[in-house]
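One structure is given here, and the rest of the page talks about it.
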Amino acid sequence: MLIGQGFDAHRFVEGRRLVLGGIEIPYERGMLAHSDGDVLIHALCDALLGAAGLGDIGRHFPDTDPAYAGIDSRVLLQRVIVDLHGQRLRVHNADLTLIAQAPRLAPHIPAMRETLATDLQCPPARVNVKATTFERMGFTGRGEGIAASAVVLLTEIGD
118 MLIGQGFDAH
128 RFVEGRRLVL
138 GGIEIPYERG
148 MLAHSDGDVL
158 IHALCDALLG
168 AAGLGDIGRH
178 FPDTDPAYAG
188 IDSRVLLQRV
198 IVDLHGQRLR
208 VHNADLTLIA
218 QAPRLAPHIP
228 AMRETLATDL
238 QCPPARVNVK
248 ATTFERMGFT
258 GRGEGIAASA
268 VVLLTEIGD
(Lines of atoms letter the chains of each structure in order from A; the text may use other names.)
(Lines give C-alpha, C1' and ligand atoms only; values in the text may rest on other atoms or scores of the structure.)
Protein backbone atom coordinates (compact mmCIF):
# COMPACT_ATOMS: atom_id res chain seq x y z
CA MET A 118 0.00 0.00 0.00
CA LEU A 119 1.16 3.49 -0.83
CA ILE A 120 -0.15 6.70 0.75
CA GLY A 121 0.00 10.13 -0.86
CA GLN A 122 -1.15 13.61 0.08
CA GLY A 123 -1.74 16.69 -2.00
CA PHE A 124 -2.69 20.33 -1.52
CA ASP A 125 -3.62 23.12 -3.89
CA ALA A 126 -5.06 26.64 -3.72
CA HIS A 127 -6.18 29.20 -6.27
CA ARG A 128 -7.48 32.75 -6.03
CA PHE A 129 -10.83 33.88 -7.38
CA VAL A 130 -11.07 36.03 -10.50
CA GLU A 131 -13.95 37.49 -12.45
CA GLY A 132 -14.86 36.10 -15.86
CA ARG A 133 -14.05 32.44 -15.29
CA ARG A 134 -16.31 29.54 -14.46
CA LEU A 135 -15.88 27.69 -11.17
CA VAL A 136 -15.07 23.99 -11.55
CA LEU A 137 -14.52 21.78 -8.50
CA GLY A 138 -14.27 18.02 -8.50
CA GLY A 139 -15.04 18.01 -12.20
CA ILE A 140 -18.38 19.77 -11.66
CA GLU A 141 -19.25 23.31 -12.74
CA ILE A 142 -20.52 25.23 -9.70
CA PRO A 143 -22.80 28.23 -10.26
CA TYR A 144 -20.87 31.21 -8.88
CA GLU A 145 -19.95 34.71 -10.02
CA ARG A 146 -16.19 34.01 -9.99
CA GLY A 147 -13.84 31.21 -10.98
CA MET A 148 -10.25 30.25 -10.27
CA LEU A 149 -7.19 31.98 -11.66
CA ALA A 150 -5.15 29.18 -13.22
CA HIS A 151 -3.45 27.99 -16.39
CA SER A 152 -5.94 25.10 -16.62
CA ASP A 153 -9.60 25.20 -15.59
CA GLY A 154 -8.38 25.77 -12.00
CA ASP A 155 -10.05 22.74 -10.39
CA VAL A 156 -8.19 22.87 -7.06
CA LEU A 157 -9.76 19.61 -5.85
CA ILE A 158 -8.55 17.62 -8.83
CA HIS A 159 -5.14 19.31 -8.68
CA ALA A 160 -4.71 18.29 -5.03
CA LEU A 161 -5.91 14.79 -5.92
CA CYS A 162 -3.43 14.48 -8.80
CA ASP A 163 -0.59 15.55 -6.51
CA ALA A 164 -1.63 12.95 -3.92
CA LEU A 165 -1.81 10.19 -6.54
CA LEU A 166 1.51 11.11 -8.13
CA GLY A 167 3.16 11.47 -4.72
CA ALA A 168 1.96 8.06 -3.55
CA ALA A 169 3.45 6.49 -6.67
CA GLY A 170 6.72 8.44 -6.35
CA LEU A 171 6.07 10.17 -9.68
CA GLY A 172 6.63 13.79 -8.69
CA ASP A 173 3.85 16.35 -8.83
CA ILE A 174 1.27 17.83 -11.18
CA GLY A 175 3.59 20.66 -12.25
CA ARG A 176 6.21 18.18 -13.42
CA HIS A 177 3.73 16.27 -15.57
CA PHE A 178 1.57 19.18 -16.76
CA PRO A 179 3.65 22.40 -16.51
CA ASP A 180 1.82 25.72 -16.59
CA THR A 181 4.42 26.93 -19.07
CA ASP A 182 3.13 24.48 -21.70
CA PRO A 183 0.44 26.03 -23.90
CA ALA A 184 -1.02 22.55 -24.47
CA TYR A 185 -2.50 22.74 -20.96
CA ALA A 186 -3.96 26.25 -21.24
CA GLY A 187 -7.59 26.02 -20.14
CA ILE A 188 -7.50 22.21 -20.09
CA ASP A 189 -10.21 20.30 -18.25
CA SER A 190 -8.53 18.99 -15.09
CA ARG A 191 -10.43 15.72 -15.46
CA VAL A 192 -8.24 15.06 -18.53
CA LEU A 193 -5.16 15.50 -16.34
CA LEU A 194 -6.60 13.17 -13.69
CA GLN A 195 -7.41 10.53 -16.30
CA ARG A 196 -3.82 10.73 -17.60
CA VAL A 197 -2.49 10.28 -14.05
CA ILE A 198 -4.66 7.17 -13.66
CA VAL A 199 -3.21 5.75 -16.89
CA ASP A 200 0.30 6.39 -15.49
CA LEU A 201 -0.63 4.63 -12.25
CA HIS A 202 -1.99 1.63 -14.12
CA GLY A 203 1.31 1.54 -16.00
CA GLN A 204 2.99 1.17 -12.60
CA ARG A 205 0.45 -1.60 -11.74
CA LEU A 206 -1.21 0.64 -9.16
CA ARG A 207 -4.87 1.43 -8.57
CA VAL A 208 -6.76 3.72 -6.23
CA HIS A 209 -8.03 1.99 -3.13
CA ASN A 210 -9.60 5.12 -1.64
CA ALA A 211 -9.40 8.91 -1.61
CA ASP A 212 -10.35 11.41 1.10
CA LEU A 213 -10.68 14.99 -0.15
CA THR A 214 -11.39 18.31 1.56
CA LEU A 215 -12.40 21.63 -0.01
CA ILE A 216 -11.75 24.78 2.03
CA ALA A 217 -13.97 27.69 0.99
CA GLN A 218 -16.05 30.36 2.69
CA ALA A 219 -18.21 30.62 -0.42
CA PRO A 220 -19.93 29.32 -2.42
CA ARG A 221 -21.85 26.73 -0.45
CA LEU A 222 -20.51 23.41 -1.72
CA ALA A 223 -22.51 20.74 0.16
CA PRO A 224 -25.22 20.44 -2.52
CA HIS A 225 -22.56 19.63 -5.15
CA ILE A 226 -20.60 17.00 -3.22
CA PRO A 227 -22.60 13.95 -4.40
CA ALA A 228 -21.98 14.86 -8.06
CA MET A 229 -18.27 15.50 -7.36
CA ARG A 230 -18.00 12.13 -5.65
CA GLU A 231 -19.61 10.28 -8.57
CA THR A 232 -17.53 12.11 -11.17
CA LEU A 233 -14.26 11.53 -9.34
CA ALA A 234 -15.06 7.86 -8.69
CA THR A 235 -15.60 7.40 -12.43
CA ASP A 236 -12.24 8.98 -13.24
CA LEU A 237 -10.47 7.10 -10.44
CA GLN A 238 -12.05 3.85 -11.62
CA CYS A 239 -13.19 2.90 -8.14
CA PRO A 240 -16.55 2.63 -6.36
CA PRO A 241 -18.06 5.94 -5.18
CA ALA A 242 -18.02 4.56 -1.62
CA ARG A 243 -14.23 4.81 -1.75
CA VAL A 244 -14.21 8.51 -2.61
CA ASN A 245 -14.99 10.90 0.22
CA VAL A 246 -15.45 14.62 -0.46
CA LYS A 247 -15.91 17.15 2.34
CA ALA A 248 -16.19 20.92 2.47
CA THR A 249 -15.26 23.22 5.34
CA THR A 250 -14.52 26.86 6.04
CA PHE A 251 -11.72 28.54 7.95
CA GLU A 252 -14.30 30.50 9.95
CA ARG A 253 -13.58 33.70 7.99
CA MET A 254 -9.83 33.48 8.69
CA GLY A 255 -7.11 33.64 6.03
CA PHE A 256 -7.50 34.01 2.27
CA THR A 257 -10.27 31.40 2.01
CA GLY A 258 -12.14 32.95 4.93
CA ARG A 259 -11.97 36.38 3.30
CA GLY A 260 -13.43 34.89 0.10
CA GLU A 261 -10.26 35.43 -1.91
CA GLY A 262 -9.95 31.83 -3.10
CA ILE A 263 -10.39 28.14 -2.47
CA ALA A 264 -7.97 25.50 -1.21
CA ALA A 265 -8.14 21.72 -1.27
CA SER A 266 -6.35 18.80 0.32
CA ALA A 267 -6.28 15.15 -0.67
CA VAL A 268 -5.09 11.89 0.85
CA VAL A 269 -5.07 8.68 -1.19
CA LEU A 270 -4.25 5.04 -0.69
CA LEU A 271 -2.95 3.08 -3.67
CA THR A 272 -2.64 -0.69 -3.91
CA GLU A 273 -1.01 -2.91 -6.47
CA ILE A 274 -3.26 -4.19 -9.22
CA GLY A 275 -4.07 -7.79 -8.45
CA ASP A 276 -4.25 -7.28 -4.66
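Under our numbering, the sequence shown is numbered contiguously, ending at residue 276. Where a beta carbon is used, it is the ideal one built from N, C-alpha and C, also for glycine.
Candidates the options, of which the one nearest residue i by Cα
i: Gly203; options: Ile226, Arg253, Ala169 and His209; result: Ala169
i: His127; options: Thr235, Arg146, Gly121 and Ile120; result: Arg146
i: Val269; options: Pro179, Asp212 and Arg253; result: Asp212
i: Arg130; options: Phe256, Asn210, Ala267 and Gly262; result: The sequence given here places Val at residue 130; Arg does not occur at that position. It is Gly262 whose Cα lies nearest to the Cα of Val130.
i: Ile142; options: Ser266, Ala219 and Lys247; result: Ala219
i: Ala264; options: Thr250, Ala223 and His177; result: Thr250
i: Gly132; options: Leu149, Met118 and Leu119; result: Leu149
i: Arg191; options: Gly167, Gly139 and Pro183; result: Gly139
i: His209; options: Leu237, Gly172 and Ile226; result: Leu237
i: Gly260; options: Tyr185, Gly187 and Ala217; result: Ala217
i: Ala248; options: Pro227, Thr272 and Ala234; result: Pro227
Range of the contiguous alpha helix (DSSP H) that encloses residue i
i: Ala248; result: Per DSSP, Ala248 belongs to no alpha helix (DSSP H); it is in the beta strand (DSSP E), Val244 to Thr249.
i: Arg87; result: Given a span of 118 to 276 for the chain in the structure shown, any question on residue 87 remains unanswerable.
i: Gly175; result: Ile174 to His177
Exposure of residue i, with buried meaning 16 or more beta-carbon neighbours within 10 Å
i: Arg221; result: exposed
i: Gly275; result: exposed
i: Ala164; result: buried
i: Met229; result: buried
i: Leu278; result: This structure cannot speak to residue 278, because the chain is shown only from 118 to 276.
i: Asp181; result: In the sequence as displayed, the identity of residue 181 is Thr instead of Asp. Exposed is the call here.
i: Val199; result: exposed
i: Ile120; result: exposed
Collapsed DSSP secondary structure at residue i in the structure displayed
i: His127; result: strand
i: Leu149; result: coil
i: Thr257; result: helix
i: Ile120; result: strand
i: Ile188; result: coil
i: Leu201; result: helix
i: Leu161; result: helix
i: Leu193; result: helix
i: Leu171; result: coil
Residue i: first and last residue of the uninterrupted beta strand (DSSP E) it sits in
i: Ala265; result: Gly262 to Glu273
i: Leu141; result: Note on identity: in this sequence residue 141 is Glu, with Leu being the wrong assignment. Counting along the chain, the beta strand (DSSP E) containing Glu141 begins and ends at Ile140 to Ile142.
Test: residue i CB closer than 8 Å to a CB of chain D
i: Pro179; result: Absent here is chain D; the protein component of the structure consists of one chain.
Segments assigned beta strand (DSSP E), at least 3 residues, entirely inside the stretch 206-246:
When DSSP assignments are scanned along the stretch 206-246, the uninterrupted stretches of beta strand (DSSP E) that are 3 or more residues long and fall wholly within it turn out to be 206-216.
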